[in-house]
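Numbering (full-length UniProt numbering), first residue to last: 1 to 357.
Glycine included, each C-beta is placed from N, C-alpha and C at the ideal position.
Since this is a predicted model, take the numbers as computed values, not measurements.
All remarks here apply to the structure that follows.
Encoded structure:
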């Protein structure tokens, strides 16, 4: 396992999962933090660059088994002092004073329809808005949020971290190589507001696995420092390997967090997730936990393009980081095993994807 600090040296552009058609859309906005697949491609390319013997063997074998070699665990924001995650979406902020925070609770609905869950999370007061666009430091999350010391928490709005820079693009007529009619569009690219900020990527190499040893004679080493290209326009980023104690604390926090004194539990998504089935089919009465409610912003769409098949991948509706699931226990003995399986986690000590709160 290793942590890589990645600092873009220019504006970046990170596509969302939904398709773009210049004839229909005329504006495209970059994500603030790209999906894991974007970092996967950038880091694996850097690994090939830095490991000569492995690179030669990888292309010679023509197996393209990169997903069995590299795993992106999690993505954080880092300001050279604190590590940040998306704020849990049970936090609400006073519109007139951002330092006034309140934590809301799920409440059981009296009238239930097929389109809603049994529990709903509402604003604690009329003038409070949910912290959809905010980030919380791991330090505050562990030491303040978990202990319900909400007024001691200092959130950061995304506009304190990122800025958007707009540039104009044009579509070209393939026959005349002139500007195509009706294909003028704009791009809003992402840039960190100051030089302190960077992405922090937790990743793992399966270089000690039986699969790697059986298929490769070479070795592959973790990255230390250098440059890689990231995003839709392959912008140059500087990377450095670092250690960060807050993430060790977060892993320790994530152990043995199931409260046996109540039938209800909440999980916080640390990164975007999607399921191939409706979540009510997965978290149902017969599973170890049943879903009762969700606090989430607008859905995201995760898809992409399969370069090998030269076709669009299946598009799935996903849930962004910060989303909270309210679950009811059916079988306490198998909860962690069940959750890890649904979220694709193979190691109980991983902090990727979700954390029990």
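Beta-carbon proximity of residue i to residue j, cut-off 9 angstroms
i: residue 424; j: residue 301; result: Any question about residue 424 goes unanswered here, given that the chain covers just 1 to 357.
i: residue 9; j: residue 193; result: no
i: residue 325; j: residue 291; result: yes
i: residue 93; j: residue 46; result: no
i: residue 268; j: residue 355; result: yes
i: residue 28; j: residue 185; result: yes
i: residue 270; j: residue 147; result: no
i: residue 119; j: residue 108; result: yes
i: residue 230; j: residue 42; result: yes
i: residue 98; j: residue 155; result: yes
Burial state of residue i, where buried means 16 or more other Cβ atoms lie within 10 Å
i: residue 203; result: buried
i: residue 299; result: exposed
i: residue 226; result: exposed
i: residue 36; result: buried
i: residue 262; result: exposed
i: residue 272; result: buried
i: residue 295; result: buried
i: residue 73; result: buried
i: residue 174; result: exposed
i: residue 64; result: exposed
i: residue 110; result: exposed
i: residue 11; result: buried
i: residue 198; result: buried
i: residue 243; result: exposed
i: residue 68; result: exposed
i: residue 123; result: exposed
Residue i CB to nearest heavy atom of the ligand MN below 8 angstroms
i: residue 34; result: No copy of the ligand MN appears in this structure; indeed no ligand is present at all.
Length of the line joining the Cα atoms of residue i and residue j
i: residue 14; j: residue 70; result: 21 angstroms
i: residue 320; j: residue 151; result: 25 angstroms
i: residue 141; j: residue 106; result: 19 angstroms
i: residue 335; j: residue 82; result: 31 angstroms
i: residue 195; j: residue 6; result: 12 angstroms
i: residue 187; j: residue 171; result: 13 angstroms
i: residue 343; j: residue 38; result: 19 angstroms
i: residue 327; j: residue 210; result: 37 angstroms
i: residue 34; j: residue 232; result: 10 angstroms
i: residue 137; j: residue 323; result: 16 angstroms
i: residue 88; j: residue 61; result: 44 angstroms
i: residue 253; j: residue 332; result: 19 angstroms
i: residue 217; j: residue 53; result: 9 angstroms
i: residue 260; j: residue 168; result: 56 angstroms
i: residue 153; j: residue 214; result: 50 angstroms
i: residue 251; j: residue 183; result: 48 angstroms
i: residue 1; j: residue 237; result: 21 angstroms
i: residue 116; j: residue 30; result: 31 angstroms
i: residue 280; j: residue 314; result: 20 angstroms
i: residue 207; j: residue 96; result: 52 angstroms
i: residue 264; j: residue 212; result: 42 angstroms
i: residue 26; j: residue 286; result: 47 angstroms
Cβ distance (whole Å) where residue i is taken to contact residue j below 8 angstroms
i: residue 139; j: residue 157; result: Between residue 157 and residue 139 the Cβ distance is about 18 angstroms, and since that is not below 8 angstroms, they are no contact.
i: residue 330; j: residue 289; result: 6 angstroms
i: residue 190; j: residue 32; result: 6 angstroms
i: residue 220; j: residue 51; result: 5 angstroms
i: residue 4; j: residue 241; result: 6 angstroms
i: residue 293; j: residue 91; result: About 16 angstroms; that fails the 8 angstroms criterion.
i: residue 266; j: residue 345; result: Contact doesn't hold; Cβ gap of about 18 angstroms is too wide.
i: residue 228; j: residue 239; result: 6 angstroms
- Message: For the region 41-57 against the region 99-107, do three or more pairs of beta-carbon atoms, one drawn from each stretch, fall closer than 8 angstroms, so that the two count as touching?
- Response: no
Report yes or no: do the region 151-171 and the region 76-95 share at least 3 C-beta pairs separated by less than 8 angstroms? yes
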